[in-house]
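Q: Here the sequence shown is numbered in this note's numbering, starting from 2 and rising by one per residue. This is the structure I have questions about; it appears just below.
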Amino acid sequence: MLLKLIFSYDGSKFQGSATQPHKLSVQDALAQALSHLGIYDKPLFASRTDKGVHAFNAVACVKTGEHFKNFVYLKNKINYFSHPFIHIKHIEKVDEDFQVRYDVKKRAYRYILSHENYNPFLASYVYFYPKINISLAKKIAYLFEGEHDFKLFQKEGSDNKTSIRIMYKTRVYFYKNHTIFYFEANGFLRSQIRMMMASILKVLEGKLNQNELLEQINAKKAHCRFLAPASGLYLSKISYYDNLS
């Protein structure tokens, strides 16, 4: 049978989410945990994340034998082997034709800026940055909404068939001395959000103007090819329905 796993992970402890020759990825660690239970099929992931990027609600699917009946028991057993850096939240059976990656309708990410004093123990989980103009940040983030060719907001060497994506929603809000950026789209390119965040911060710093940012959003000219640190980025949610909430 085919099972869908919803799980979180601490990306700072892995070399990215996708399997690697050195076996230090989230996918490799989850496969190792599953193997202790006699599940040897490779888990397939709905999304890939860069080294250092975290996830609140990642999704994977894996084929197992029909003898697994109690999914709460199975979840607890997987967590025994996957903790402390991967935590299975929920397991459910899905149809055999379920495509964990290609059936996704929407993906959402959050990027967290901390305005607290620098703390080395939290440096892997936020990006420490001075307080920003929230009102201006909302206007800048809003420029990304709609359908665009985001080819100038991806790492070189990406192999996507198309770089056109639909950004359904952007939000910027302040919470407990942190600024959170929220991005919801039908998909994201490799390192797209980190490059978007770097560009937004450049505008806030006065090192890039909004017209130049629009030129890059409209795929006319690249003005910022930097990446914001991976530490502040979290895969927030993946939906297989039109409504993400």
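A virtual CB, placed ideally from N, CA and C, is assigned to each residue, including glycine. All of these numbers come straight from a predicted model, not from anything done at the bench.
Need the endpoints of the beta strand (DSSP E) that Tyr112 sits in, please.
A: Residues Lys107 to Ser115.
Q: Bridge partners for Glu185 per DSSP, in chain order?
A: Ala109 and Lys170
Q: In angstroms with no decimal places, state the Cα-to-Cα distance between Glu206 and Val127.
A: 19 Å
Q: Please report whether the beta-carbon of Asn161 lies at a distance below 8 Å from any beta-carbon of chain B.
A: Absent from the structure: chain B. Only one protein chain is present.
Q: To the nearest angstrom, how far is it from the Cα of Glu93 to the Cα of Phe15?
A: 26 Å
Q: Excluding the five sequence neighbours on either side, which residues of its own chain have a C-beta within less than 8 Å of the C-beta of Ser246, listed in chain order?
A: Summary for Ser246: the model assigns pLDDT 49, below 50, so the residue's position carries little reliability; its value from the coordinates is reported in the next sentence. Here the set comprises nothing.
Q: For a test of the three-state rule: what should DSSP assign to Tyr143, helix, strand or coil?
A: helix
Q: Do you know how far the Cα of Ile133 is from the Cα of Tyr241?
A: 34 Å
Q: For a quick check, are the C-beta atoms of Arg186 and Arg172 less than 8 Å apart?
A: Note that residue 186 corresponds to Ala in the displayed sequence, not to Arg. The answer is no: Cβ separation not under 8 Å.
Q: Only counting runs of 3 or more residues, tell me where the beta strand (DSSP E) segments fall wholly within the segment 11-68, in order along the chain.
A: Correct list: 55-64.
Q: Answer with buried or exposed for Tyr235, where buried requires no fewer than 16 other C-beta atoms within 10 angstroms of its C-beta.
A: When all chains shown are included, Tyr235 counts as buried.
Q: For the 8 Å Cβ check, are there 3 or more pairs between the segment 133-150 and the segment 193-206?
A: yes
Q: Below 8 Å between beta carbons: does that hold for Gln28 and Phe46?
A: yes
Q: Terminal residues of the continuous beta strand (DSSP E) containing Leu234?
A: Leu234 to Ser240
Q: Within the chosen definition, does the segment 26-44 reach the segment 114-127 through at least 3 CB pairs nearer than 8 Å?
A: no
Q: Just the C-alpha distance for Gly66 and Leu3, rounded to the nearest angstrom, thanks.
A: 9 Å
Q: Between which residues of its own chain and Val101 is the CB-CB distance below 8 Å, once the five residues before and five after are set aside?
A: Lys5, Leu45, Phe46, Ala47, Val60, Ala61 and Cys62
Q: So Ser200 and Ser13 are in contact, right, with Cβ under 8 Å, and what is the actual spacing, rounded?
A: So it is not a contact: roughly 24 Å between Cβ atoms.
Q: Taking all protein chains shown into account, do 16 or more other C-beta atoms lie within 10 angstroms of the C-beta of His55, making it buried, or fewer, making it exposed?
A: buried
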